[in-house]
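Novice: Residue numbers (our numbering): 168 to 546.
Ideal placement from N, C-alpha and C gives every residue a C-beta, glycine not left out.
The model shown is predicted, which means the values in this text are computed figures rather than measured ones.
Once you've had a glance at the structure underneath, I'll fire off some questions.
Here's what the structure looks like:
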């Protein structure tokens, strides 16, 4: 059964499964299941994958669905939030997202997400791995799965990059360090330590590498270890990256001041611009995180502040990808660990608590039908 045929049954496992299917053309994971599905290529009956890249925008803390993508009519639920029309007929968003409203004809809104995990750590883990936390086992993140099954496109650039995201949720898990994300702390700084230290010539660098190889070979002969070999492969990839002409993909200074202003000046905004540059240079999977959505207290001030940065950057990203022709093969995901309660907590200065029973995520690009909604919540 295709879960999209019954919108009311669409849970976070179906959301992530369909996101994977849009990318790879396969049922990638048994979402929340007990075993790992076969990682075989798509069969003849599977639909062809349209996405070559994924940009995963993670709203850390629990983005309020009722103040953004799942607006209601009742004033006691909406509080200071008002519904506004969008470019898509029948699709409304909160008034905090005026720029996003202008690109909703490219976006599919999934309002029927639900989860059994109402705590941040556990919920975030599921939305990055599709599995519940299980003892000391660390599951591969979504980017790791995409990298392992989809492979590298660019021979030198890392296939998986995480911007302002926790390494706890972007690791390779039991796939190993080779499939972990390359971390970016500040988009403006780009990829750290990707050039030779000052004063070290190319000849000196090559000589040191040769010496390190000899020492490593003796160590491996005496103490064979897969983890050590995996890190050695990472070092080799790092060297290839250092010598790559496309290392400039990480350099935002190559963008015009007008383009940078179009996205916004914040770290998340510039991260979205960097993500666009990276997918243009054939990076497979890019995650950018925007925190601060845990609005237990003074929800509306918090939502307004977070939406200001998200709204401008998201709309700019969608328009930019479309203008460059990359939206057709890039799946843009907006995800979060859970929503916020419809009830406004007056004792918490108008806050909203965790609400895993219903929340919203969105998909855009890569053949996703825009201007649509799947699922619904109570009025």
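Beta strand (DSSP E) containing residue 280: first to last residue?
Specialist: Start at 1 with the first residue of the chain shown, and residue 280 comes out as number 113. Where residue 280 is concerned, the enclosing beta strand (DSSP E) stretches over 274-280.
Novice: Considering Cα atoms alone, identify which of 376, 527 and 522 is closest to residue 501.
Specialist: Sequence index remark: in the chain shown, residue 501 carries index 334 (1-based). Of the listed residues, the one whose Cα sits closest to residue 501 is 527.
Novice: Under a three-way DSSP split, which group does residue 325 fall into?
Specialist: Taking the chain shown and counting its residues from 1, one reaches residue 325 at position 158. Coil at residue 325, not helix or strand.
Novice: Cβ atoms of residue 482 and residue 436: under 8 Å apart, would you say?
Specialist: Here residue 436 is taken as the residue at index 269 of the chain shown, counted from 1. Here residue 482 is taken as the residue at index 315 of the chain shown, counted from 1. Taking 8 Å as the Cβ cut-off, residue 436 and residue 482 do not qualify as a contacting pair.
Novice: When you compare the CB positions of residue 400 and residue 345, do they come within less than 8 Å of one another, or not?
Specialist: Within the chain shown, numbered from 1, the residue matching residue 400 stands at position 233. Within the chain shown, numbered from 1, the residue matching residue 345 stands at position 178. Closer than 8 Å, so yes.
Novice: Given this structure, state the Cα-to-Cα distance separating residue 418 from residue 224, to the nearest angstrom.
Specialist: The count along the chain shown starts at 1 and reaches residue 418 at position 251. The count along the chain shown starts at 1 and reaches residue 224 at position 57. Looking at the two C-alpha atoms, the distance is approximately 20 Å.
Novice: To the nearest angstrom, how far is the alpha carbon of residue 378 from that of residue 329?
Specialist: On the chain shown, position 211 is the one that residue 378 refers to. On the chain shown, position 162 is the one that residue 329 refers to. Computed Cα separation, rounded: 32 Å.
Novice: Starting from residue 452, follow the beta strand (DSSP E) in both directions and report where the run begins and ends.
Specialist: As a working mapping, residue 452 is identified with position 285 in the chain shown. 452-457 is the span of the beta strand (DSSP E), which, as asked, contains residue 452.
Novice: Rounded C-beta distance between residue 455 and residue 439? I'm assuming under 8 Å.
Specialist: For this step, residue 455 is matched to residue 288 along the chain shown. For this step, residue 439 is matched to residue 272 along the chain shown. That pair is a contact at about 6 Å.
Novice: If we ignore side chains and look at the alpha-carbon of each, how far apart do residue 237 and residue 253 end up?
Specialist: For the purposes of this step, residue 237 is identified with residue 70 of the chain shown, where counting begins at 1. For the purposes of this step, residue 253 is identified with residue 86 of the chain shown, where counting begins at 1. Distance between the alpha carbons of residue 237 and residue 253 is about 13 Å.
Novice: With DSSP collapsed to three states, give me the class of residue 485.
Specialist: For the purposes of this step, residue 485 is taken as residue 318 along the chain shown, with counting starting at 1. Helix, per DSSP.
Novice: Quick one: measure Cβ to Cβ for residue 554 and residue 452, integer angstroms, because I've assumed they're closer than 8 Å.
Specialist: Any property of residue 554 remains undetermined from this structure, which presents the chain solely from 168 to 546.
Novice: In the DSSP assignment, find the beta strand (DSSP E) that holds residue 259 and state where it starts and stops.
Specialist: The count along the chain shown starts at 1 and reaches residue 259 at position 92. Where residue 259 is concerned, the enclosing beta strand (DSSP E) stretches over 259-261.
Novice: Specify the secondary structure class of residue 377 as computed by DSSP and reduced to three states.
Specialist: To locate residue 377, count along the chain shown from 1; it is residue 210. In this structure, residue 377 counts as helix in the three-state DSSP scheme.
Novice: Please return the same chain residues whose Cβ sits closer than 8 Å to the Cβ of residue 415, not counting the five positions on each side in sequence.
Specialist: As a first step, residue 415 is located in the chain shown; it is residue number 248 there, counting from the start. Around residue 415: 421.
Novice: Less than 8 Å between the beta carbons of residue 295 and residue 336, yes or no?
Specialist: Locating residue 295 in the chain shown gives position 128, where the first residue counts as 1. Locating residue 336 in the chain shown gives position 169, where the first residue counts as 1. Yes, Cβ-Cβ distance for residue 295 and residue 336 is below 8 Å.
Novice: How is the alpha helix (DSSP H) around residue 498 delimited, first residue to last?
Specialist: To locate residue 498, count along the chain shown from 1; it is residue 331. Taken as a continuous stretch (DSSP letters only), residue 498 belongs to no alpha helix (DSSP H), being part of the beta strand (DSSP E) at 497-503.
Novice: Rounded to whole angstroms, what's the CA-CA distance from residue 291 to residue 227? Just pull it up for me.
Specialist: Position 124 of the chain shown, counting from 1, holds the residue named residue 291. Position 60 of the chain shown, counting from 1, holds the residue named residue 227. If I take the Cα positions, the gap works out to 8 Å.
Novice: So, with DSSP's three-state summary, where would you put residue 267?
Specialist: By one-based count along the chain shown, residue 267 stands at place 100. Of the three classes helix, strand and coil, the one that applies to residue 267 here is helix, per DSSP.
Novice: Note down the Cα distance separating residue 492 from residue 261, rounded to an integer number of angstroms.
Specialist: In the chain shown, the residue the question calls residue 492 occupies position 325. In the chain shown, the residue the question calls residue 261 occupies position 94. Approximately 28 Å, taken between the alpha carbons.
Novice: Taking a contact to mean a Cβ-Cβ separation below 8 Å, would you say residue 263 touches residue 510 in this structure?
Specialist: To locate residue 263, count along the chain shown from 1; it is residue 96. To locate residue 510, count along the chain shown from 1; it is residue 343. Not closer than 8 Å, so no.
Novice: Do residue 506 and residue 229 have their C-beta atoms closer together than 8 Å?
Specialist: Translated into the one-based positions of the chain shown, residue 506 becomes position 339. Translated into the one-based positions of the chain shown, residue 229 becomes position 62. A contact, by the Cβ cut-off of 8 Å.
Novice: Taking residue 319 as the reference, which of 220, 331, 390 and 270 has the closest Cα?
Specialist: Indexing the chain shown from 1 puts residue 319 at position 152. Here the closest residue by C-alpha is 220.
Novice: Can you tell which of 350, 235 and 275 has its C-alpha closest to the C-alpha of residue 537?
Specialist: Position 370 of the chain shown holds residue 537. The option with the nearest alpha carbon to residue 537 is 275.
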